[in-house]
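For the record, in the sequence shown the residue sitting at position 67 is 343 according to the working numbering, with numbers rising by one throughout.
Every residue, glycine too, gets a C-beta built ideally from N, C-alpha and C.
Take a look at the structure set out below.
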Amino acid sequence: MVKGRNDRQDAIREIVRSKSIRTQRVLVQELEAEGYVCTQATVSRDIADMGLRKLPEGVYVLAEDLHLQRMVSELVVGVTASSSLVLVKAQPGTASGIAAAIDAADLPEVVGTLAGNDTILVVATSPEAAQAFEKHIDKLRNFR
277 MVKGRNDRQD
287 AIREIVRSKS
297 IRTQRVLVQE
307 LEAEGYVCTQ
317 ATVSRDIADM
327 GLRKLPEGVY
337 VLAEDLHLQR
347 MVSELVVGVT
357 ASSSLVLVKA
367 QPGTASGIAA
377 AIDAADLPEV
387 VGTLAGNDTI
397 LVVATSPEAA
407 QAFEKHIDKL
417 RNFR
């Protein structure tokens, strides 16, 4: 089965969200490990089409995750997954804004969020998705 552009870009989204990708060459290698045959030029076009950005730390981030990254790195103080739920602790008074950013990022593993004053409850699609979301938020927290 031939994997097309949309499939490849979905794979790029998943790779960028789950790993710290610093170069196009590493992204090509990650895609090849998942069965995609592509060149660095193809990946370069995909990066432009998808609006990927590089953080000051040199790591690629999806455009839709950039707002989330800024909020998480500045306002989230902790994240813990338990079963299909993830508890995100934040600075007082900021939870609803962070929850809105999580919802706006349209992450495939997130069903929805519920926010209080300094706590967000994130409902994930599965325990594995909750773990993936926790790792994603931890990754975003470490970029300051």
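Residue i, buried or exposed, once every other Cβ within 10 Å from all chains shown has been counted against 16
i, result
"Glu333", "exposed"
"Glu310", "exposed"
"Glu308", "exposed"
"Ala406", "buried"
"Ala317", "exposed"
Alpha-carbon to alpha-carbon, residue j and residue i
i, j, result
"Gly354", "Asn282", "34 Å"
"Arg293", "Ala408", "9 Å"
"Glu410", "Ser359", "11 Å"
"Gly392", "Gly280", "42 Å"
"Ala377", "Leu344", "5 Å"
"Ile291", "Gln305", "11 Å"
"Thr299", "Val335", "8 Å"
Closest by C-alpha distance to residue i, when choosing among the options
i, options, result
"Val313", "Ala287, Val337, Ile297 and Asp325", "Ala287"
"Glu404", "Val386, Asp341 and Ser372", "Val386"
"Leu416", "Val399, Ala376, Ser372 and Leu342", "Leu342"
"Arg321", "Ile291, Asp394, Leu383 and Gln285", "Gln285"
"Leu390", "Val352, Ser372 and Gln316", "Ser372"
"Gly369", "Thr395, Gln316, Thr356 and Ile378", "Thr395"
DSSP state of residue i mapped onto helix, strand, coil
i, result
"Arg289", "helix"
"Gly354", "strand"
"Thr318", "helix"
"Gly327", "coil"
"Lys365", "strand"
"Met277", "Reliability of the predicted coordinates at Met277 is poor, the pLDDT of 48 falling under 50, and no value is obtained from them."
"Leu307", "helix"
"Ile374", "helix"
Within 8 Å, do at least three Cβ pairs link the segment 362–376 to the segment 317–336? no
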